[in-house]
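The block underneath contains the structure these notes are about, expressed in structure tokens.
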Amino acid sequence: MIELARVTKRFGSAAAVRGVDAVFDRGTVTALIGPSGCGKSTLLRMMLGLILPDEGTVSVEGRPVDRWDATSLRARCGYAIQSGGLFPHLTARQNAELPAKAHGRALDPSRIEELCELTRFEPSLLSRLPGELSGGQRQRVALMRALVLDPEVLLLDEPLGALDPLVRAELQRDLRGLFEALGKTVVMVTHDLAEAAYLAPQSIALLRDGKLEQRGSFASLQGSPASGFVREFLDAQTERARVLVAGGSA
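Every letter in the sequence shown is one number past the one before it in this note's numbering, and letter 227, counting from 1, is 484.
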């Protein structure tokens, strides 16, 4: 579904991503994790074609992103960011409907109601502006917007990063259920190993300084760390991850 082949991206003299190879198969959920500035969000933006690699190739469905019509590519890829990124002058419904309008598509009248049920958003709040919603409610609207065109791919950049712990734990549970129900290809960025282990236990990609340090299941990273950095990163967060995977909350 998505393939990165020797991808490098520089900003000025600094390399944000350096020679990354990775494949994200159809229907899988992968968490990109690592310290701040390691290249996670840059990789995600290249998958969406928002920025292009300086070297190497990013392909979606076998076609390099620079050969896709931008409108067609973004209709296939739902995208949500930290804090939701909602337009403050539009209602929750208008924000959720925006991709359909941008792509000139007519929505079935029931689509937003279906998404409310899927994301557990109260339909009576659809007429409210983002400033009248809680952080968790805004993030649910952002997820509806990402899903409104029923894309094949979900790209989520720290979707729960700005939420308080209780709201975040609730949304983590809802997101895992949503991933299981929809069976879409999901690539999500998080800095939190516990969240990665909970939402993508079979595919965690740990980055460091723009390079892919190790990729595998939470269990394989834990049991066979590929480097001292991987071991140190896991040791710092593993106990919390174990609690979450065992059924606790983040």
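Quick reminder that beta carbons are idealized off the backbone N, C-alpha and C, glycines included. Being a predicted model, the structure only gives us computed values, none of them experimental.
- A direct Cα-Cα distance of roughly 12 Å separates L412 from L307.
- With contacts defined by Cβ atoms closer than 9 Å, M401 and V317 do not form a contacting pair.
- For the 9 Å CB-CB criterion, L364 and N352 do not form a contact.
- Less than 9 Å divides the Cβ of G393 from the Cβ of L428.
- Every unbroken stretch of the alpha helix (DSSP H) spanning 4 or more residues and falling wholly within the stretch 319–361 is given here in chain order: 327–333, 349–359.
- A contact between stretches requires three or more CB pairs, one per stretch, nearer than 8 Å, and the stretch 457–464 meets this requirement with the stretch 279–299.
- For G392, the enclosing alpha helix (DSSP H) covers residues 392–404.
- Looking from the CA of T376, the closest CA among S391, V398, A272, R472 belongs to V398.
- Note that the C-beta distance between F475 and G291 is not below 9 Å.
- Under the three-state reduction of DSSP, A262 is assigned to strand.
- Following the DSSP letters along the chain, one finds T447 in no beta strand (DSSP E), marked with neither H nor E.
- Taking 8 Å as the upper bound for CB-CB distance, Y336 and A403 are in contact here, some 6 Å apart.
- Exposed is the label assigned to E389, since fewer than 16 other Cβ atoms lie within 10 Å of its Cβ.
- Counting every other CB atom within 10 Å of its CB across the protein chains shown gives G480 a total below 16, marking it as exposed.
- Around the beta carbon of F268, a 10 Å sphere encloses fewer than 16 other beta carbons of the protein chains shown; the residue is thus reported as exposed.
- In this structure, the beta-carbon distance from E312 to V280 does not fall below 9 Å.
- In the DSSP secondary-structure assignment, F436 is not bridged to any residue.
- For L478, the enclosing alpha helix (DSSP H) begins and ends at 475–480.
- Minimum Cα-Cα distance from E470 among the listed residues R362, V274, S270 corresponds to V274.
- S316: member of the beta strand (DSSP E) spanning 312–317, first to last residue.
- The distance from the Cβ of V444 to that of L301 is about 6 Å, consistent with a contact at the 8 Å cut-off.
- A359 counts as exposed, since fewer than 16 other C-beta atoms from the protein chains shown sit within 10 angstroms of its C-beta.
- With 16 or more neighbouring CB atoms inside 10 Å of its own CB, T447 falls in the buried class.
- Closest by C-alpha distance to E437, out of R425, T328, A262, Y455, is Y455.
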